[in-house]
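Asker: Mind having a look at this structure? Questions to follow.
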Amino acid sequence: MAKKTYKSIDFSAVKRYSIKTRDNKVNVGEHFAQPPKPGQSVADFLDGLPHLLGADNLRGVVDAVVAARQKGKPVVLAMGGHVIKCGLQPVLKALIEADVITAVAMNGSVTIHDFEVSLIGATSEDVAAVLAAGDFGFSEETGIGMNEALKQGREHGVGYGEAIGRCIVDNDHPYRDYSLLAACVEKEIPVTVHVAIGTDIIHQHPEADGAVIGEMSYRDFKLLTSVVSELGDGGVWLNVGSAVLLPEVFLKALSIAQNLGYHVDGFTTANFDMIQHYRPLANVVKRPTMGKGRGYTITGHHEINIPLFAQAVLDRLR
Numbered sequence: 006m007a008k009k010t011y012k013s014i015d016f017s018a019v020k021r022y023s024i025k026t027r028d029n030k031v032n033v034g035e036h037f038a039q040p041p042k043p044g045q046s047v048a049d050f051l052d053g054l055p056h057l058l059g060a061d062n063l064r065g066v067v068d069a070v071v072a073a074r075q076k077g078k079p080v081v082l083a084m085g086g087h088v089i090k091c092g093l094q095p096v097l098k099a100l101i102e103a104d105v106i107t108a109v110a111m112n113g114s115v116t117i118h119d120f121e122v123s124l125i126g127a128t129s130e131d132v133a134a135v136l137a138a139g140d141f142g143f144s145e146e147t148g149i150g151m152n153e154a155l156k157q158g159r160e161h162g163v164g165y166g167e168a169i170g171r172c173i174v175d176n177d178h179p180y181r182d183y184s185l186l187a188a189c190v191e192k193e194i195p196v197t198v199h200v201a202i203g204t205d206i207i208h209q210h211p212e213a214d215g216a217v218i219g220e221m222s223y224r225d226f227k228l229l230t231s232v233v234s235e236l237g238d239g240g241v242w243l244n245v246g247s248a249v250l251l252p253e254v255f256l257k258a259l260s261i262a263q264n265l266g267y268h269v270d271g272f273t274t275a276n277f278d279m280i281q282h283y284r285p286l287a288n289v290v291k292r293p294t295m296g297k298g299r300g301y302t303i304t305g306h307h308e309i310n311i312p313l314f315a316q317a318v319l320d321r322l323r
């Protein structure tokens, strides 16, 4: 078979059009940022961000949260432990006290860091420095205090989150004002904790009781499902810094609510994280909002994005 030869194409017949007739995705009048001004308010700063991509996502979440609270719908914060280690309790507490956040769901690590902060004003041990010595996770006050609080909470008929929060309040921990769990208990909003046995340092202690831990977390799962059942028609679910556990818990709680006839639809979700992982994208942002809802992603460091988000919401509500 003869080898085919090619000649360069002549571009002289290419058809063109005027740029003035073209549809463009970005234009100066609608999308460009405003120059920063010395001393401007946070609200003016946010309004001056480009009306594109991440900035519009942030505005969308703020709008949804403000609308939810004006409508009396729940705004649920689901969070992982790194959020606490970023020192954001005062910011989140301000949102709770302003009736912006109406329920909090967390994994076990959040409770540990929160408990330790409330007790000594510090947390987050250097794992690499103590692991080889067999000392990682064996702080006496944390292991005994939290496991005993769970046992007492079980007897009093409350769940995991309320039991730890009530322990902090009743024992008047020196730094209780920095505790998110205490803030939820004092504000009387649902605070639920969802654990996997073996993932938290308090499971390493002889005081740990798997039956207690399991029952307390299961009580909270049922409470959270009740909260999720109210999200329809305007509520908001914020997943902050949990890549696996809480997105899975949320999906199952939502499935139960739908199965029981609540038909939760028309709500907003957002995933705040430094990296957008598969499960939050699938189980928080996309799948639950495929009907009438809307899902957002906010990518970046919690210590920057959460205060920015909180200030924007509080400014709008004020």
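Note that our numbering has the sequence shown beginning at 6, numbered continuously upward. Quick reminder that beta carbons are idealized off the backbone N, C-alpha and C, glycines included.
For the alpha helix (DSSP H) holding Val-132, just list the boundary residues, first then last.
Answerer: Against the sequence shown, residue 132 aligns to sequence position 127. Start and end: 132 to 135.
Asker: Do Thr-147 and Ile-206 have their C-beta atoms within less than 8 angstroms of each other?
Answerer: If you number the sequence shown from 1, residue 147 lands on position 142. If you number the sequence shown from 1, residue 206 lands on position 201. For Thr-147 and Ile-206, yes; Cβs fall inside 8 angstroms.
Asker: Considering Asp-278, what are the terminal residues of the beta strand (DSSP E) in which it resides?
Answerer: Sequence index remark: in the sequence shown, residue 278 carries index 273 (1-based). Unbroken beta strand (DSSP E) run through Asp-278: 273 to 278.
Asker: I'd like the span of the beta strand (DSSP E) that includes Gly-170, first residue to last.
Answerer: For the purposes of this step, residue 170 is identified with residue 165 of the sequence shown, where counting begins at 1. Boundaries around Gly-170 are those of the alpha helix (DSSP H), 165 to 175, since no beta strand (DSSP E) includes it.
Asker: Which residue wins for smallest C-alpha separation from Asp-270, given the options Glu-235, Tyr-301, Asn-288?
Answerer: Residue mapping note: residue 270 aligns to position 265 of the sequence shown, counting from 1. Nearest option by C-alpha distance: Glu-235.
Asker: Residues in its own chain within less than 6 angstroms of Gln-39 by CB, not counting five upstream and five downstream?
Answerer: Counting from one through the sequence shown, the residue named residue 39 turns up at place 34. Cβ within range, chain order: Gly-53.
Asker: What span of residues does the alpha helix (DSSP H) with Arg-64 cover, start to end?
Answerer: Residue numbering aside, residue 64 sits at position 59 when the sequence shown is read from its first letter. Run containing Arg-64: 58 to 76, per the alpha helix (DSSP H) assignment.
Asker: Taking the Cβ atom as the reference point for each residue, do Tyr-3 and Leu-124 lie within a distance shorter than 8 angstroms?
Answerer: As shown, the chain starts at 6 and ends at 323. That puts residue 3 outside it, with no answer to give.
Asker: Quick one: does Ala-7 have its CB under 8 angstroms from some CB of chain B?
Answerer: The chain labelled as chain B is not found in the depicted structure, where only one protein chain is given.
Asker: Closest by CA to His-208, which one among Glu-191, Val-190, Gly-150, Leu-185?
Answerer: Within the sequence shown, residue 208 is the residue found at index 203, counting from 1. It is Gly-150 whose Cα lies nearest to the Cα of His-208.
Asker: Among Trp-242, Ala-99, Val-135, Gly-113, which one has its Cα closest to the Cα of Cys-189?
Answerer: Along the sequence shown, read from residue 1 onward, the residue named residue 189 stands at position 184. Cys-189 has its Cα closest to that of Ala-99, out of Trp-242, Ala-99, Val-135, Gly-113.
Asker: Using alpha carbons as the reference points, say which of Gly-215, Met-111, Phe-143, Asp-214 lies closest to Gly-170.
Answerer: Looking up residue 170 in the sequence shown gives position 165. Looking at the Cα atoms, Met-111 is the closest of the given residues.
Asker: Pairing CB atoms from the segment 134 to 144 with CB atoms from the segment 77 to 94, are three or more of them under 8 angstroms?
Answerer: Taking a cut-off of 8 angstroms for Cβ pairs, the segment 134 to 144 and the segment 77 to 94 do not touch, as fewer than three such pairs fall below it.
Asker: Along the chain, where does the beta strand (DSSP E) that runs through Ala-83 open and close?
Answerer: For the purposes of this step, residue 83 is taken as the residue at position 78 of the sequence shown. Its beta strand (DSSP E) spans residues 80 to 84.
Asker: Taking the alpha carbon of Ser-222 as the point to measure from, which residue in Phe-277, Gly-166, Ser-231 has its own alpha carbon closest?
Answerer: For the purposes of this step, residue 222 is taken as the residue at position 217 of the sequence shown. When each option's Cα is compared against that of Ser-222, the closest is Gly-166.
Asker: Just mark Gly-162 as buried or exposed, buried being the case when its beta carbon has 16 or more other beta carbons within 10 Å.
Answerer: The count along the sequence shown starts at 1 and reaches residue 162 at position 157. Around the beta carbon of Gly-162, fewer than 16 other beta carbons sit within 10 angstroms, so the residue counts as exposed.
Asker: On the DSSP letters alone, give me the boundaries of the beta strand (DSSP E) that Ile-303 sits inside.
Answerer: Residue mapping note: residue 303 aligns to position 298 of the sequence shown, counting from 1. Ile-303 -> beta strand (DSSP E) spans 299 to 304.
Asker: Quick check on the burial criterion: 16 or more other C-beta atoms within 10 angstroms. Buried or exposed for Thr-273?
Answerer: One-based indexing of the sequence shown puts residue 273 at position 268. Thr-273 is buried by the Cβ-count criterion.
Asker: Considering only residues of the same chain and omitting the five flanking positions on each side of Pro-79, which have a CB-CB separation below 8 angstroms?
Answerer: The count along the sequence shown starts at 1 and reaches residue 79 at position 74. Around Pro-79: Ala-73, Thr-107, Ala-108, Val-232, Glu-235, Leu-236, Gly-240, Val-241.
Asker: Going by DSSP, name the residue or residues bridged to Leu-256.
Answerer: For this step, residue 256 is matched to residue 251 along the sequence shown. Paired residues: none, contrary to the question.
Asker: According to DSSP, is Met-111 helix, strand or coil?
Answerer: Taking the first residue of the sequence shown as position 1, residue 111 is located at position 106. Met-111: strand per DSSP, three-state reduction.
Asker: Short of 6 angstroms in beta carbon distance, which residues of its chain neighbour Ala-69, apart from the five on each side in sequence? Order them along the chain.
Answerer: Taking the sequence shown and counting its residues from 1, one reaches residue 69 at position 64. Correct list, in chain order: Val-241, Thr-273.
Asker: Rank Gly-219, Gly-215, Glu-253, Arg-64 by C-alpha distance to the C-alpha of Asn-310 and give the top, closest one.
Answerer: Locating residue 310 in the sequence shown gives position 305, counting from the first residue. Among Gly-219, Gly-215, Glu-253, Arg-64, the Cα nearest to that of Asn-310 is on Arg-64.
Asker: How is Thr-197 classed by DSSP in three states: helix, strand or coil?
Answerer: Reading the sequence shown from its first residue, position 192 is the one you call residue 197. In the structure shown, Thr-197 sits in a strand (DSSP, three-state: E or B).
Asker: At the level of alpha carbons, what is the spacing between Val-31 and Pro-41?
Answerer: Within the sequence shown, the letter at position 26 stands for residue 31. Within the sequence shown, the letter at position 36 stands for residue 41. Rounded to the nearest angstrom, the two C-alpha atoms are 20 angstroms apart.
Asker: For Tyr-301, count neighbouring C-beta atoms within 10 Å of its own C-beta (all shown protein chains included) and say buried if the count is 16 or more, exposed if not.
Answerer: Here the question's residue 301 lines up with position 296 in the sequence shown. Buried, by the Cβ-count rule.
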